[in-house]
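Protein chains in written order, with my numbering: chain A, 1 to 149; chain B, 1 to 785.
The beta-carbon is built from N, C-alpha and C at its ideal position, and this holds for glycine as well.
Computed from a predicted model, the values in this text were never measured in an experiment.
Take a look at the structure set out below.
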Amino acid sequence: MVQGLVRLTLLAVLLLSGCAVTPPAEKAEPVTADTELQGSPAMALLSRAEQARAQGETGAASRYLERALTMAPNSSWLYRELALLRLEEGDGHAAEGFAQRALRLAPDNDDYRAELWELVAAARAEQGDRSGADEARARAQALRQPDRA
Amino acid sequence: MAKNAKKPASARKGSARRPAKSGNKRNNRSAGRRWFSWRFIAKVSVVLLVLAAAGLAYLDAYVRDRFDSHVWQLPARVYARPVELYPGRVLARNDMLKMLELMRYRRAGGAPTPGSYTTDGNTLVIHTRGFRDSDGGEPAQRIRVTLGGGQISALDSNDGDSLARLEPLQIGSIHPGHTEDRVFVPLDRVPPLLVQMLLATEDRDFYEHHGVSPRGLARAMVANVKAGGLVQGGSTLTQQLVKNFWLTQDRTLARKLVEMPMAVLLELHYSKEQILEAYLNEVYLGQDGKRAIHGMGLGAQFYFGRPLEELEPHQLATLVALLKGPSYYDPRRNPERSLARRNTVLKVALEEGALSDQEYRRFRERDLEVVPRGASPLYAFPAFIDLVRRQLARDYPADVLGEEGLRIHSTLDVLAQLASEKALSEHLNSLDASGDALNGAVVVVAPAQGDVLALVGSRESRAQGFNRALDATRPMGSLVKPVVMLTALQRPKRYSLATPVADEPITVPLTTGKKWTPQNFDGESKGPIPLVDALAYSRNQATVRLGMDVGPDAVVRTLSQLGVKKTVPAYPSILLGSIGMTPFEVAMLYQPLATGGFATPLRSITDVLDKDGEPLARYPVDTEEVIDSGPAYLIQWGMQQVVEKGTARSARSVLPADLKVAGKTGTSDEYRDAWFAGFSGNHLSVVWVGRDNNENARVTGSSGALPVWSRLMAGLPQTSLSQVPPPGVEEVWMDPSGEKTSGKGCSGAREYPMLEASIPEQSDGCGSATQVKEGVVEWFKGWFD
Chain A
1 MVQGLVRLTL LAVLLLSGCA VTPPAEKAEP VTADTELQGS PAMALLSRAE QARAQGETGA
61 ASRYLERALT MAPNSSWLYR ELALLRLEEG DGHAAEGFAQ RALRLAPDND DYRAELWELV
121 AAARAEQGDR SGADEARARA QALRQPDRA
Chain B
1 MAKNAKKPAS ARKGSARRPA KSGNKRNNRS AGRRWFSWRF IAKVSVVLLV LAAAGLAYLD
61 AYVRDRFDSH VWQLPARVYA RPVELYPGRV LARNDMLKML ELMRYRRAGG APTPGSYTTD
121 GNTLVIHTRG FRDSDGGEPA QRIRVTLGGG QISALDSNDG DSLARLEPLQ IGSIHPGHTE
181 DRVFVPLDRV PPLLVQMLLA TEDRDFYEHH GVSPRGLARA MVANVKAGGL VQGGSTLTQQ
241 LVKNFWLTQD RTLARKLVEM PMAVLLELHY SKEQILEAYL NEVYLGQDGK RAIHGMGLGA
301 QFYFGRPLEE LEPHQLATLV ALLKGPSYYD PRRNPERSLA RRNTVLKVAL EEGALSDQEY
361 RRFRERDLEV VPRGASPLYA FPAFIDLVRR QLARDYPADV LGEEGLRIHS TLDVLAQLAS
421 EKALSEHLNS LDASGDALNG AVVVVAPAQG DVLALVGSRE SRAQGFNRAL DATRPMGSLV
481 KPVVMLTALQ RPKRYSLATP VADEPITVPL TTGKKWTPQN FDGESKGPIP LVDALAYSRN
541 QATVRLGMDV GPDAVVRTLS QLGVKKTVPA YPSILLGSIG MTPFEVAMLY QPLATGGFAT
601 PLRSITDVLD KDGEPLARYP VDTEEVIDSG PAYLIQWGMQ QVVEKGTARS ARSVLPADLK
661 VAGKTGTSDE YRDAWFAGFS GNHLSVVWVG RDNNENARVT GSSGALPVWS RLMAGLPQTS
721 LSQVPPPGVE EVWMDPSGEK TSGKGCSGAR EYPMLEASIP EQSDGCGSAT QVKEGVVEWF
781 KGWFD
């Protein structure tokens, strides 16, 4: 609340002074595997995981991702991938947990966060939790359209 | 297929004999009336022959049935997690070499074969062994690993991914029902030289005879007469197999009588290759306590610590030498006899042309090179294997574990395990040199995946017996304080880390009619202190006041939120940790604290594969958010203060200066138990020290358990705890009362992370702009990051 007020004030100051700084409302750079894991050996495991998943070998994919996690334990992207995988395997419980963990580690990017909330919604729906899914979807919406929220 | 085709054949044989005998009967009808008349003899013969035929038919069915359906008794094998190598991995050169030695990699120029390596300064060339896993596993390949600055600085492998794994080290086998152990090796993976040596010494006519060898017998008799005693047995390999396979070891006449026909029957139904393979995997090669060593595959591991395929000629010869008498020629107990017999085997191999003259002379000179018996990693980690066994027993019946050769991939990190054992034993030795009073336990977990990386159940880590890590239920003492504080922090409108709590005498009336008056450790009372200080300095009176305020039942609910399954009565005494917990249970309780609120079941197994390496079952990571991000962050921050300035600050001098860790000391009444539980970004470790008889151990959490924890953590590759607050948490300067906001530099002001709902509206009027300035800096950083 306080922070919001500060930001607004400062933004006004900056605009008035004609300073050419990108306003924070503008979208941040999209989050991808590259932005999260570039240069990490986990990247190689991530791409092996993707291949395995494409071939329907979810068990192997899961193992690759779990190995990657030991190399990059704070990567939101890896948790997101695990959430997608568990969802594919029909394990909504773990999918929700991983999606929330991805959210906890997520960089400050509304689109990315919104996508993760959608994932939480899907995972909740998979577990039959309709109201929980709706709530998660609403949070995704709010992130996508901050003005209307 | 051969089974069905051959059955009628043997039946025909049996019936074909009968008409011939009935012919005899007729011819002998007139032959006298003596009591041993020919007729009588004929009758007896017929009966005997019929019996013999029936017996033969029975034996035949018996032999084939057992051979075809014989399940090699292959105990489940437990493996450590494969050592993962990649640039950036923290790994000291010494640790790398220790690992290679433990895995019996041999030093050889150019690392020519799997299982060998060579060093050149900080660069190691390792020829890995390769293995199968649920992700396909790893091929055997030559990799180049460069170490520098305590980590891997470069890695070249065949696939160019800069990633490689060493095969998982076998750390145990599980055979509940019986005591036979073996490693099955198919014939095509048996070194041909071994087969040549075996046949040359044990059964030269193997490929010519039909189960029994009159030539071999004759040769043996000649040799025995010459030597004036029993020097050769004359049994064929087939007969020896029959002995090993079907018959008990006692030398009864009945056994002798059936051995030969069984050998012949076996040869009738099975190829020489099948018989040879069975022999190589069945033969008894020695005893390891209660465990019987069967087959060349396990023999290679038991005596040389390596796979059969990697043995050199003199080692193969030692195995062949054992066949004459596994205990008489035991290379460990009777090295001279073993060496002499081994050289005889090498000589025979030379005579048979299996070895060149040069090779013979070279290998004759080699030592026996057996590995010391105690050195086997199979017995090194009994406490962890105990955990694996318990987790397996929930999913697999005993016979499956004992017979099907399951490959259990566990989570054990050998280096973390060795570091834990060392830290515990060294510290206890320094406290109690006599070695009989204090004992302890350690649990190390990777909190994100819930992987149990190390488990020490005793000061003597190799000792079987009481597994303190899993079975010593002891009062957790102050380890419960973070749970009490978390209960309060989950009510942000009432409590924050800055909330003043009175560290003053308190008397709690109990339902029993008695009264409880808890004291502080130092016997003093500090008066009102911020909630976080009650945690950092482990103040009992402040904690009990806070706990009575939120209610013991609310604390019990938080315990169950964190995953505690057992029923905890909501007595006031739980606020100071009267709850009994094992070190393993404490690790479970602290795991969600370490991950910022995500509960993940602890696992010791990742995969189960069948004996051929095909995946059977997976134990995937599961996770669930159990504590909201805000309170989870706050309690972690509070626990960091324990190490930064509180009861665990002595750890700071042992750990790297920039490493952010958090934890809590615990000491139970009358110094019976010393605890420390704490975590970095990637390791959660719990240490307990105390006495088995529950007497005063004269140690506190700080003096007894914390030094073990810090040394152990300092020895592991660490990442810091994240310092980024989640949304909804702000850094706020508070005045000394903890009830008004303040500003940086204001008198007595302290900065706390706070949930928005906790931030008071009231300010002390000093420098409130500081907070805004901080916000701006963050905001700018956000733009440029």
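Is there a Cβ of chain A sitting closer than 8 Å to that of residue i, yes or no?
i	result
G596/B	yes
T719/B	yes
G765/B	no
T146/B	no
S430/B	no
A446/B	yes
D135/B	yes
S604/B	no
P792/B	Any property of residue 792/B remains undetermined from this structure, which presents chain B solely from 1 to 785.
S742/B	no
S629/B	yes
Y79/B	no
Step through the CB atoms of chain B and report whether any lies within less than 8 Å of the CB of residue i.
i	result
E151/A	The displayed coordinates of chain A run from 1 to 149. Any statement about residue 151/A would go beyond what the structure contains.
S60/A	Looking at the sequence shown, residue 60/A is not Ser but Ala. Yes, its Cβ sits closer than 8 Å to a Cβ of chain B.
G90/A	no
A123/A	no
R104/A	yes
Q100/A	yes
G97/A	yes
R63/A	yes
Give the interface partners of residue i over in chain B, defined as CB-CB distance under 9 Å, in chain order.
i	result
L46/A	Going along chain B, no residue has its Cβ under 9 Å from L46/A, so there is no contact; the nearest lies around 11 Å.
A114/A	The premise fails here: A114/A is roughly 14 Å from chain B at the closest Cβ pair, so nothing lies under 9 Å.
A94/A	P620, V621, D622, T623 and E624
Can you name the residues of chain A whose CB is closer than 7 Å to the CB of residue i?
i	result
Q449/B	E66 and L69
V621/B	E66
I want to verify the contact list: residues of chain B whose CB lies under 8 Å from the CB of residue i, in sequence order.
i	result
N74/A	G681, T719 and S722
Using only CA atoms, which one of the options lies nearest to residue i?
i	options	result
T238/B	V225/B, V222/B, D205/B and A223/B	D205/B
V550/B	K290/B, Y619/B, V212/B and V483/B	V483/B
L124/B	A472/B, R142/B and D135/B	R142/B
A33/A	R63/A, A68/A, L78/A and R101/A	L78/A
R129/B	A164/B, S271/B and L48/B	A164/B
D95/B	S758/B, Q417/B and M197/B	Q417/B
R362/B	G547/B, H314/B and V732/B	H314/B
V78/B	L241/B, V388/B and V225/B	V388/B
Y58/B	V626/B, S458/B and V258/B	V258/B
D503/B	T473/B, V544/B, A463/B and L486/B	V544/B
E624/B	F304/B, G597/B and P717/B	G597/B
T307/B	P114/B, T201/B, G286/B and P335/B	The sequence as given places Pro at residue 307/B; Thr does not occur at that position. Looking at the Cα atoms, P114/B is the closest of the given residues.
A788/B	L486/B, D156/B, L415/B and R468/B	Missing from the structure shown is residue 788/B; chain B here goes from 1 to 785 and no further.
Starting from the beta carbon of residue i, find every residue of chain A whose beta carbon is closer than 9 Å, and list them in chain order.
i	result
S162/B	P41 and A44
On the three-state DSSP scale, how would you describe residue i?
i	result
Q640/B	helix
G450/B	coil
S573/B	helix
L531/B	helix
F184/B	coil
S685/B	strand
V195/B	helix
A498/B	coil
P552/B	helix
T487/B	helix
I171/B	strand
R333/B	coil
Give the residues of chain B in contact with residue i, contact being defined as C-beta atoms less than 7 Å apart.
i	result
R137/A	Chain B residues near R137/A: none, gap ~18 Å exceeds 7 Å.
R53/A	Near R53/A there are no residues of chain B at all, since even the closest Cβ is about 12 Å away, more than 7 Å.
By the criterion of Cβ-Cβ separation under 8 Å, what are the contact partners of residue i in chain A?
i	result
P726/B	R104
- What residue ranges within the region 35-67 of chain B form continuous alpha helix (DSSP H) runs of no fewer than 4 residues, ordered along the chain? none
- 3 or more residues per run - each beta strand (DSSP E) lying fully within the region 382-462 of chain B: 407-410, 439-446 and 451-456
- Query: Can you list the alpha helix (DSSP H) stretches of 4 or more residues lying completely in the region 673-747 of chain B, in chain order?
  - Reply: 706-714
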